[in-house]
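Residue numbers (UniProt numbering): 1 to 122.
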């Protein structure tokens, strides 16, 4: 046997015994992770490379976003014309904001969204 023939025959034996790992198996898979749209409208296409991180685990999207939670808090009635909101106090709050309640209706804090209205009983 010539060296080239021997090398070709040996290479063929080795390749037949070892399984060939195909890196495109994940891309060719028929299972596609379910895409959940976030509250900001973020949604990726099914063939987007960023979806590969959700192949073996779920995409966790919290449905309790802050806008919905703060909307459940009823507006606070105040007798003063000007009130302030500090979002709580200490490290859980925000800078003090003064809110003018002269006009009728609800007035929301620009930081936390809490609503206030003037309870005017003349």
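Backbone N, C-alpha and C define an ideal beta-carbon position, used for all residues, glycine too.
Inset, instruction - Could you check which residue in 64, 49 and 46 has the C-alpha nearest to that of residue 38? - result: Residue mapping note: residue 38 aligns to position 38 of the chain shown, counting from 1. That would be 64, whose Cα lies nearest to the Cα of residue 38.
Legend entry - For residue 78 and residue 111, the rounded distance between their alpha carbons: The residue given as residue 111 occupies position 111 in the chain shown. The residue given as residue 78 occupies position 78 in the chain shown. Each residue's Cα considered, the two are about 19 Å apart.
Legend entry - DSSP bridge partner residues for residue 100 (one or two, in chain order): Along the chain shown, read from residue 1 onward, the residue named residue 100 stands at position 100. Answer is 82, bridged to residue 100.
Inset, instruction - Would you check if there are 3 or more beta carbon pairs closer than 8 Å linking the region 68–84 to the region 100–107? - result: yes
Legend entry - Nearest candidate by alpha-carbon position, reference residue 97, set 113, 71 and 69: To locate residue 97, count along the chain shown from 1; it is residue 97. Minimum Cα distance to residue 97 is reached at 113.
Inset, instruction - Give the DSSP-derived three-state secondary structure of residue 77 in the structure shown. - result: Stepping through the chain shown from its first residue, residue 77 is reached at position 77. Note: residue 77 maps to strand in three-state DSSP.
Inset, instruction - Work out the CA separation of residue 91 and residue 107 for me, nearest whole Å. - result: One-based indexing of the chain shown puts residue 107 at position 107. One-based indexing of the chain shown puts residue 91 at position 91. When rounded, the distance between both Cα atoms is 24 Å.
Inset, instruction - Taking residue 60 as the reference, give the member of 109, 43, 75 and 49 with the closest Cα. - result: One-based indexing of the chain shown puts residue 60 at position 60. For the residues 109, 43, 75 and 49, the minimum Cα distance to residue 60 belongs to 43.
Legend entry - Bridge-paired residues (DSSP) for residue 118: Counting from 1 along the chain shown, the entry for residue 118 is found at position 118. Beta-bridge pairing links residue 118 to 78.
Legend entry - Start and end residues, alpha helix (DSSP H) containing residue 55: Locating residue 55 in the chain shown gives position 55, counting from the first residue. Unbroken run through residue 55: none, as it is neither H nor E.
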